[in-house]
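K.L.:
Quick one: the structure is below, and I'll ask about it shortly.
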Amino acid sequence: MPESHYRICPLCEACCGLEVKTDGGRVIAIRGADNDVFSHGYLCPKGVSLKDLHEDPDRLRTPLIKRDGRFVPATWDEAFAEIERRLLPLRREHGPEAVALSIGNPAAHKVSLLAYTPRLVRALNTPNVFSASTLDQMPKQLSAGLMFGHWLSIPLPDIERCDYLLILGGNPMVSNGSLWTVPDYRGKAKAMRARGGRIVVVDPRRSETAAAADEHLAIRPGGDALLLAGIAHTLFDEGLVKLGRLAEHVNGLDDARAAVARFAPEATAAGCGIAAETQRRIARELAAAPHAAVYGRIGTCTTRFGTVNSWLVDLINVLTGNLDREGGAMFAKAAAFAANTQGRPGSGKGVTTGRRRSRVSGAPEVFGELPITVMAEEMDTPGPGQVKALITVASNPVLSAPGGPRIARALEGLDFMLSLDIYVNETTRHADVILPGLSPLEDLHFDVAFPQLSHRNHARFSGPVFDAAPGTPQEWQTILRLCALLEGRGLGVDVQRLDDEAIEADVRRFAGDATPAVLAALEPWRGPERLIDLQLRVGPYGDQFGRKPDGLTLAKVKAASTVEDGGIDLGALTPRIPEVLRTPSGRVELAPSSILADLAEVKAQPAPAFSLIGRRDTRSGNSWMHNLPVLAKGPERCTLLVNPGDAERLGLAEYARIRSAVGELVARVERSADMSPGVVSLPHGWGHDLDGVQLGVARERPGVNLNALLDDAERDPLSGNAVLSGVAVEISPA
1 MPESHYRICP
11 LCEACCGLEV
21 KTDGGRVIAI
31 RGADNDVFSH
41 GYLCPKGVSL
51 KDLHEDPDRL
61 RTPLIKRDGR
71 FVPATWDEAF
81 AEIERRLLPL
91 RREHGPEAVA
101 LSIGNPAAHK
111 VSLLAYTPRL
121 VRALNTPNVF
131 SASTLDQMPK
141 QLSAGLMFGH
151 WLSIPLPDIE
161 RCDYLLILGG
171 NPMVSNGSLW
181 TVPDYRGKAK
191 AMRARGGRIV
201 VVDPRRSETA
211 AAADEHLAIR
221 PGGDALLLAG
231 IAHTLFDEGL
241 VKLGRLAEHV
251 NGLDDARAAV
261 ARFAPEATAA
271 GCGIAAETQR
281 RIARELAAAP
291 HAAVYGRIGT
301 CTTRFGTVNS
311 WLVDLINVLT
321 GNLDREGGAM
331 FAKAAAFAAN
341 TQGRPGSGKG
351 VTTGRRRSRV
361 SGAPEVFGEL
371 PITVMAEEMD
381 TPGPGQVKAL
391 ITVASNPVLS
401 APGGPRIARA
411 LEGLDFMLSL
421 DIYVNETTRH
431 ADVILPGLSP
441 LEDLHFDVAF
451 PQLSHRNHAR
461 FSGPVFDAAP
471 GTPQEWQTIL
481 RLCALLEGRG
491 LGVDVQRLDD
501 EAIEADVRRF
511 AGDATPAVLA
521 ALEPWRGPER
531 LIDLQLRVGP
541 YGDQFGRKPD
551 GLTLAKVKAA
561 STVEDGGIDL
571 GALTPRIPEV
581 LRTPSGRVEL
591 APSSILADLA
601 EVKAQPAPAF
611 SLIGRRDTRS
621 GNSWMHNLPV
631 LAKGPERCTL
641 LVNPGDAERL
651 GLAEYARIRS
661 AVGELVARVE
671 RSADMSPGVV
681 SLPHGWGHDL
691 DGVQLGVARE
701 RPGVNLNALL
711 DDAERDPLSG
721 NAVLSGVAVE
731 ISPA
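When you line the sequence shown up against full-length UniProt numbering, it's residues 1 to 734, in that order.
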């Protein structure tokens with residue numbers, strides 16, 4: 001008999017609520033959950049693809065071990081015995097730094113991975129930790145940490161009460177937010193404009209978001225810092241600064257004023273491609289709007305001055321009086337796992353970077369990570385401390401990181417590689433052992449990170465739709481078993497006991513002598529559910545273990561997370577300064593010294609013949625989505641977008657050759673009037689034609705790997721983020 005199941009979509013940051021209809025062991029329909037308190041029935045094609053993902057014949061369902069160059073199925077015990085036999089001696093001989101860890105984007109969408117991978121990091125005790133964060137978002141996290149005291153204290157546009165929204169380098173019409181969880185951006189933007197609001201989009205391409213806005217400004221790739229500094233300069237120069245209630249909560253206003261003094265719009269116009277009068281008009285409009293917000297995303301982060309750009313966005317929000325104000329840029333208050341709701345409110349330790357540096361390039365650590373663009377050199381450069389083994393967790397850097405071909409060669413030279421992944425992809429094909437995870441429909445779901453970035457506060461949970469195959473561990477159990485192996489406990493460990501020990505240590509840090517009582521209150525939950533219950537109960541809406549009887553517990557959130565109820569709405573964002581701050585001063589730091597020093601390096605650069613930028617498509621948020629038929633169908637998406645005038649002038653026909661300083665590709669040409677002259681665009685995450693890749697659908701239209709054109713030595717020096725936008729290239733017929 002058909003049944004309906006409530007499900008939170010784990011495939012992008014929008015986190016939409018779904019209604020999954022099943023009949024026996026089959027999915028027969030997926031639709032938006034109309035009563036979901038957060039997404040209200042919105043659905044994009046990715047949600048529907050959960051059926052394809054669950055049923056994908058290429059998805060791994062048993063461990064694989066490489067024998068004589070070929071993968072063969074293995075039992076879980078055999079796989080762990082192989083890890084013990086090969087990884088542990090290598091680690092003993094060369095030290096913990098010889099083993100690196102790479103964590104991919106999908107890990108952020110699974111509580112088992114996001115909550116338990118930090119335990120793997122501690123067990124490895126290696127300085128060589130890499131993640132997808134240094135491919136698209138670390139500049140924003142760093143600037144937020146320096147200004148507000150925590151890496152995830154990121155101001156978010158309060159779009160439902162906003163009158164003026166300036167978007168730079170973001171395409172929420174496609175992404176439904178990035179570091180801004182906002183399902184159905186299209187509907188919210190339409191409602192904003194209907195009530196008289198104005199949306200201005202700055203992008204070298206007339207993106208889907210720009211096409212639906214009131215104004216599109218075609219910036220020169222890489223010119224964001226000049227434009228933003230020109231706007232900030234104008235606010236000071238024309239007496240438009242109005243801090244409002246934030247005046248008593250900020251440090252460094254005069255230093256910020258001095259830092260942007262040389263960036264008059266008349267001096268920055270040529271470098272950013274936006275006329276001086278337009279820059280000044282935008283500044284005046286932001287200052288005059290009743291409620292305004294500036295939002296900068298991937299296009300602003302993936303440049304040489306990504307951290308400077310991210311800081312300038314929030315500096316402008318402060319200067320116009322729109323930070324932490326209804327209709328402006330506000331802070332979410334997540335129900336669980338948010339460090340900026342824990343501890344003493346209003347001040348803290350702030351953030352520290354550079355506690356260690358990479359062995360070869362000397363790149364600084366940020367947020368516990370090194371830039372993923374130094375991973376290959378750490379593997380292929382001989383000497384003390386060389387990385388000789390790698391563990392990947394849902395990570396595909398061969399396609400997602402600059403220098404993909406070099407990464408592939410380096411992986412092939414490792415002594416051992418272990419992957420926790422559901423596919424044999426461009427990266428995991430090099431592994432010696434692959435441990436698969438569950439289908440999302442076989443796993444519980446609770447968003448850890450994205451409620452900290454949501455446009456509205458909420459609490460939701462979804463359980464598994466289907467049971468996993470007998471004997472298949474959950475990913476948190478796999479990670480704990482791997483931790484035990486690394487800690488010398490051997491193969492025959494009791495995973496449940498390991499989890500009991502870990503949760504007791506977590507509780508003891510804050511409960512002290514009350515630990516036994518708190519642990520008893522967390523019964524009968526185990527694994528991630530016990531962590532979620534703990535975090536909900538001690539969170540800002542929690543029951544505080546009985547002290548606030550009406551507060552949240554996992555049982556209450558579970559009971560409300562149904563197709564009929566759709567979770568718990570915790571209300572619109574509210575002002576949080578000074579409570580949200582975790583800076584040592586207890587104030588918003590407007591002039592972090594490292595950022596001001598990097599701002600001094602910003603200057604106009606000569607325009608190359610062509611600049612290369614990336615782009616995103618709703619149907620291909622991650623490379624593995626290219627293997628799902630419902631997302632792969634339709635027109636070819638891995639094309640080179642070229643302005644028609646440029647294509648005519650160059651004599652481009654069906655294909656073009658793209659050359660950069662480090663590589664070249666041949667890609668199919670698609671003429672598009674949305675592209676600015678002198679700018680071309682290729683999407684990330686393609687190139688599925690490599691030997692050994694077991695992605696049958698993706699290989700039918702493999703596309704080309706943009707990252708072969710990108711220099712892994714080019715990065716934002718403050719955050720270590722890769723430079724993916726505004727890369728100089730030459731275009732010719734092919």
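C-beta atoms are modelled at their ideal positions from N, C-alpha and C, and glycine is treated no differently.
All values reported here derive from a predicted model rather than from experimental measurement.
Applying the 10 Å Cβ sphere with the 16-neighbour rule, what's the burial state of ARG406?
P.N.:
By one-based count along the sequence shown, residue 406 stands at place 406. Label assigned to ARG406: buried.
K.L.:
For the beta strand (DSSP E) holding PRO73, just list the boundary residues, first then last.
P.N.:
Your numbering for residue 73 matches position 73 in the sequence shown. PRO73 -> beta strand (DSSP E) spans 70-73.
K.L.:
Give the straight-line distance between the Cα atoms of ARG269 and HIS430, rounded to the nearest whole angstrom.
P.N.:
Counting from one through the sequence shown, the residue named residue 269 turns up at place 269. Counting from one through the sequence shown, the residue named residue 430 turns up at place 430. It is Ala, not Arg, that sits at residue 269 in the sequence shown. Computed Cα separation, rounded: 48 Å.
K.L.:
Per the contact definition of three or more C-beta pairs closer than 8 Å, is the segment 84-102 in contact with the segment 719-727?
P.N.:
No, the segment 719-727 does not touch the segment 84-102.
K.L.:
Run through the DSSP bridge pairs and tell me what TYR116 is partnered with.
P.N.:
Translated into the one-based positions of the sequence shown, residue 116 becomes position 116. In DSSP, TYR116 forms no bridge with anything.
K.L.:
Quick check on the burial criterion: 16 or more other C-beta atoms within 10 angstroms. Buried or exposed for LEU534?
P.N.:
Counting from 1 along the sequence shown, the entry for residue 534 is found at position 534. Label assigned to LEU534: buried.
K.L.:
Taking a contact to mean a Cβ-Cβ separation below 8 Å, would you say GLN452 touches ALA332 in this structure?
P.N.:
Position 452 of the sequence shown, counted from the first residue, corresponds to residue 452. Position 332 of the sequence shown, counted from the first residue, corresponds to residue 332. Yes, the Cβ-Cβ distance between GLN452 and ALA332 is below 8 Å.
K.L.:
Within this structure, are the beta carbons of LYS140 and LEU179 separated by less than 8 Å?
P.N.:
Along the sequence shown, one-based indexing puts residue 140 at 140. Along the sequence shown, one-based indexing puts residue 179 at 179. In contact: LYS140 and LEU179 (Cβ atoms closer than 8 Å).
K.L.:
Here's a check: name, in chain order, each residue in its chain whose Cβ is nearer than 6 Å to the Cβ of SER347, leaving out the five neighbours to either side.
P.N.:
Here residue 347 is taken as the residue at index 347 of the sequence shown, counted from 1. Here the set comprises GLY586.
K.L.:
Could you work out which residue in ARG489, ARG616, GLU589 and GLY539 is closest to GLU84 when comparing CA atoms only?
P.N.:
Taking the sequence shown and counting its residues from 1, the one referred to as residue 84 is at position 84. For GLU84, the nearest C-alpha among the options comes from ARG489.
K.L.:
Since PRO155 contacts ASP314 with CB under 8 Å, what's their CB separation in whole angstroms?
P.N.:
Here residue 155 is taken as the residue at index 155 of the sequence shown, counted from 1. Here residue 314 is taken as the residue at index 314 of the sequence shown, counted from 1. Sure, about 6 Å apart at Cβ, within 8 Å.
K.L.:
Contact between the segment 206-221 and the segment 184-198: three or more CB pairs below 8 Å?
P.N.:
Yes: at least three Cβ pairs fall under 8 Å.
K.L.:
Anyone know if the C-beta pair for ALA29 and LEU18 falls short of 8 Å?
P.N.:
In the sequence shown, the residue the question calls residue 29 occupies position 29. In the sequence shown, the residue the question calls residue 18 occupies position 18. The answer is no: Cβ separation not under 8 Å.
K.L.:
Looking only at DSSP bridge pairs, what is PRO733 linked to?
P.N.:
Position 733 of the sequence shown, counting from 1, holds the residue named residue 733. BP columns for PRO733 point to ALA656.
K.L.:
Which of helix, strand or coil does DSSP assign to ILE503?
P.N.:
Taking the sequence shown and counting its residues from 1, one reaches residue 503 at position 503. Three-state result, ILE503: helix.
K.L.:
Under 6 Å Cβ to Cβ from VAL398, same chain only, skipping five residues before and after it: list those, please.
P.N.:
Counted from its first residue, the sequence shown places residue 398 at position 398. Once the five neighbours on either side are set aside, the close Cβ partners of VAL398 are GLY404, ILE407, ALA408, GLU426 and THR427.
K.L.:
Helix, strand or coil for TYR185, going by three-state DSSP, please let me know.
P.N.:
Taking the sequence shown and counting its residues from 1, one reaches residue 185 at position 185. Note: TYR185 maps to helix in three-state DSSP.
K.L.:
What would DSSP say about LEU286, mapped onto helix, strand or coil?
P.N.:
Counted from its first residue, the sequence shown places residue 286 at position 286. The answer is helix: DSSP assigns LEU286 an H, G or I state.
K.L.:
Would you give the residue range spanned by the beta strand (DSSP E) that LEU243 belongs to?
P.N.:
Along the sequence shown, one-based indexing puts residue 243 at 243. Note, LEU243: premise wrong, no beta strand (DSSP E); not H, not E.
K.L.:
Assign TYR541 to one of two classes, buried (16 or more other C-beta atoms within 10 Å of its C-beta) or exposed (fewer than that).
P.N.:
Walking along the sequence shown from the start, residue 541 turns up at place 541. By the neighbour-count rule (16 or more Cβ atoms within 10 Å), TYR541 is buried.
K.L.:
Under 8 Å, with one C-beta from each stretch per pair, do the segment 219-229 and the segment 300-318 reach the 3-pair mark?
P.N.:
Output reads yes: the segment 300-318 touches the segment 219-229.
K.L.:
Just to confirm my understanding: we take LEU570, look at its own chain, exclude 5 residues before and 5 after, and list those with CB closer than 7 Å. What are they?
P.N.:
Here residue 570 is taken as the residue at index 570 of the sequence shown, counted from 1. The residues are ALA335, ASN457, HIS458, ALA459 and TYR541.
K.L.:
Using C-beta distances below 8 Å, list every residue in its chain close to GLY383, excluding the 5 sequence neighbours before and after it, in chain order.
P.N.:
Translated into the one-based positions of the sequence shown, residue 383 becomes position 383. Contacts found: ARG359.
K.L.:
So what's PRO106 in DSSP terms, helix, strand or just coil?
P.N.:
On the sequence shown, position 106 is the one that residue 106 refers to. Helix.
K.L.:
Is VAL360 helix, strand or coil by DSSP?
P.N.:
Here the question's residue 360 lines up with position 360 in the sequence shown. VAL360: coil per DSSP, three-state reduction.
K.L.:
Measure the alpha-carbon distance for TYR116 versus ALA288 and round it to whole angstroms.
P.N.:
For the purposes of this step, residue 116 is taken as the residue at position 116 of the sequence shown. For the purposes of this step, residue 288 is taken as the residue at position 288 of the sequence shown. The straight-line gap from Cα to Cα measures roughly 47 Å.
K.L.:
Using three-state DSSP, classify residue 739 as helix, strand or coil.
P.N.:
Absent from the structure is residue 739, since the part of the chain shown begins at 1 and ends at 734.
K.L.:
Can you list the alpha helix (DSSP H) stretches of 4 or more residues lying completely in the segment 117-143, in chain order?
P.N.:
The qualifying runs are 133-136.
K.L.:
Looking at the structure shown, is ASP224 part of a helix, part of a strand, or coil, going by DSSP?
P.N.:
Working through the sequence shown from its first residue, we reach residue 224 at position 224. Three-state DSSP puts ASP224 in a helix.
K.L.:
Across which residues does DSSP place THR392 in a beta bridge pair?
P.N.:
For this step, residue 392 is matched to residue 392 along the sequence shown. Note: THR392 sits in a beta bridge opposite SER102 and SER419.
K.L.:
Among VAL129, ASP52, MET173 and ASP184, which has the Cα closest to the Cα of GLY41?
P.N.:
Here residue 41 refers to the residue found at position 41 of the sequence shown. GLY41 has its Cα closest to that of ASP184, out of VAL129, ASP52, MET173 and ASP184.
K.L.:
Return the CA-CA distance between PRO464 and ARG205, expressed in angstroms with no decimal places.
P.N.:
Position 464 of the sequence shown, counting from 1, holds the residue named residue 464. Position 205 of the sequence shown, counting from 1, holds the residue named residue 205. So the alpha carbons of these two residues sit roughly 41 Å apart.
K.L.:
Of all the options LYS558, GLY614, ALA218 and ASP689, which has the alpha carbon lying nearest to the alpha carbon of LEU706?
P.N.:
In the sequence shown, residue 706 corresponds to position 706, counting from 1. For the residues LYS558, GLY614, ALA218 and ASP689, the minimum Cα distance to LEU706 belongs to GLY614.
K.L.:
Is the separation between the beta-carbon of VAL693 and that of VAL424 shorter than 8 Å?
P.N.:
In the sequence shown, residue 693 corresponds to position 693, counting from 1. In the sequence shown, residue 424 corresponds to position 424, counting from 1. Contact flag set, yes.
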